[in-house]
Amino acid sequence: MTRVLEDFRGLWRLERMISHGDGTTARFEGRAAWAAAAEGAPTDLDCVETGTLILNGQSFEAERRFRWDDTLRVWFDDGRFFHQVPPEGGTAAHWCDPDQYDAAYDFSGWPGWCCTWRVRGPRKDYRMVSRYERISA
Numbered sequence: 009m010t011r012v013l014e015d016f017r018g019l020w021r022l023e024r025m026i027s028h029g030d031g032t033t034a035r036f037e038g039r040a041a042w043a044a045a046a047e048g049a050p051t052d053l054d055c056v057e058t059g060t061l062i063l064n065g066q067s068f069e070a071e072r073r074f075r076w077d078d079t080l081r082v083w084f085d086d087g088r089f090f091h092q093v094p095p096e097g098g099t100a101a102h103w104c105d106p107d108q109y110d111a112a113y114d115f116s117g118w119p120g121w122c123c124t125w126r127v128r129g130p131r132k133d134y135r136m137v138s139r140y141e142r143i144s145a
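Numbering (my numbering) for the sequence shown: 9 to 145.
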């Protein structure tokens, strides 16, 4: 089934596993909320991820923000374009010189879904799997 922006509106439980090329791992546990954007087009949604990052036995509070538009384009909070989410699931990519970011979106378990990023380059080498489960619309 094809996803549209309104499908994401609401609160989601977010669990993220990060596996680095050197064998170290990190985990993020928190929530992601898609809500009306504070600025921009009236149809845009801001996605705010908040939670705890567990790395090397230490916990840190963490937050990330993105803007999603009605065509499922995703923008960083500073306004730079990030990538296009494929509405039916599938792949996306982002070049962040000198590293390549490749994503796979899986909506087959909707309303739960998953996004896997594989990042490779001279500065970064990791695989990040994010799982989202709806809490409320």
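Just so you know, even glycine gets a beta-carbon here, dropped at the ideal spot from N, CA and C. These numbers come from a predicted model, not from an experiment.
Q. Rounded to whole angstroms, how far is the Cβ of L19 from the Cβ of I143, which I believe are closer than 8 Å?
A. Mapped onto the sequence shown, residue 19 falls at position 11. Mapped onto the sequence shown, residue 143 falls at position 135. Rounded, the Cβ-Cβ distance is 4 Å, consistent with contact.
Q.
Could you tell me the alpha carbon to alpha carbon distance between D30 and Y134, rounded to whole angstroms?
A. Locating residue 30 in the sequence shown gives position 22, counting from the first residue. Locating residue 134 in the sequence shown gives position 126, counting from the first residue. Their backbone Cα atoms lie some 9 Å apart in a straight line.
Q. Around the C-beta of E57, are 16 or more other C-beta atoms found within 10 angstroms, so that it is buried, or is it exposed?
A. Against the sequence shown, residue 57 aligns to sequence position 49. So E57 counts as buried.
Q) So which of D107, D78 and W118 has the shortest CA-CA distance to G97? A) Walking along the sequence shown from the start, residue 97 turns up at place 89. If we check each option's Cα against that of G97, W118 comes out closest.
Q: Can you grab the Cα-Cα spacing for the pair P106 / C55, in whole Å?
A: Numbered from 1 along the sequence shown, position 98 holds the residue referred to as residue 106. Numbered from 1 along the sequence shown, position 47 holds the residue referred to as residue 55. When rounded, the distance between both Cα atoms is 26 Å.
Q. Where do the N-terminal and C-terminal ends of the beta strand (DSSP E) with W76 fall, by residue?
A. Mapped onto the sequence shown, residue 76 falls at position 68. Element bounds for W76: Q66 to W76.
**Q.** Reduced DSSP secondary structure (H/G/I, E/B, other) of F115
**A.** Reading the sequence shown from its first residue, position 107 is the one you call residue 115. Here F115 sits in coil by DSSP.
**Q.** Proximity of A101 and Y113 at Cβ, strictly below 8 Å
**A.** In the sequence shown, residue 101 corresponds to position 93, counting from 1. In the sequence shown, residue 113 corresponds to position 105, counting from 1. It is not a contact, given that the beta carbons lie outside the stated cut-off.
**Q.** Cut-off 8 Å between Cβ atoms - residues of its own chain near T60, not counting five sequence neighbours on either side
**A.** As a first step, residue 60 is located in the sequence shown; it is residue number 52 there, counting from the start. F36, E37, G38, S67, F68, E69 and A70.
Q) Between W42 and R17, which are expected to be in contact by the criterion C-beta below 8 Å, what is the C-beta distance as a whole number of angstroms? A) Taking the sequence shown and counting its residues from 1, one reaches residue 42 at position 34. Taking the sequence shown and counting its residues from 1, one reaches residue 17 at position 9. With a Cβ gap of about 5 Å, W42 and R17 count as contacting.
(Q) Helix, strand or coil, according to DSSP, for D4 in the structure here? (A) Here the chain comprises residues numbered 9 to 145, so residue 4 is not present and cannot be evaluated.
(Q) Would A34 and I62 be called neighbours here (beta carbons separated by less than 8 Å)? (A) For the purposes of this step, residue 34 is identified with residue 26 of the sequence shown, where counting begins at 1. For the purposes of this step, residue 62 is identified with residue 54 of the sequence shown, where counting begins at 1. Yes, the Cβ-Cβ distance between A34 and I62 is below 8 Å.
**Q.** Among D15, A145 and C104, nearest to G88 - alpha-carbon criterion
**A.** Locating residue 88 in the sequence shown gives position 80, counting from the first residue. Per the sequence shown, the amino acid found at residue 88 is Arg instead of Gly. Measuring from the Cα of R88, the nearest candidate turns out to be C104.
**Q.** Bounding residues of the beta strand (DSSP E) (the contiguous stretch that carries A43)
**A.** Within the sequence shown, residue 43 is the residue found at index 35, counting from 1. Its beta strand (DSSP E) spans residues T33 to A44.
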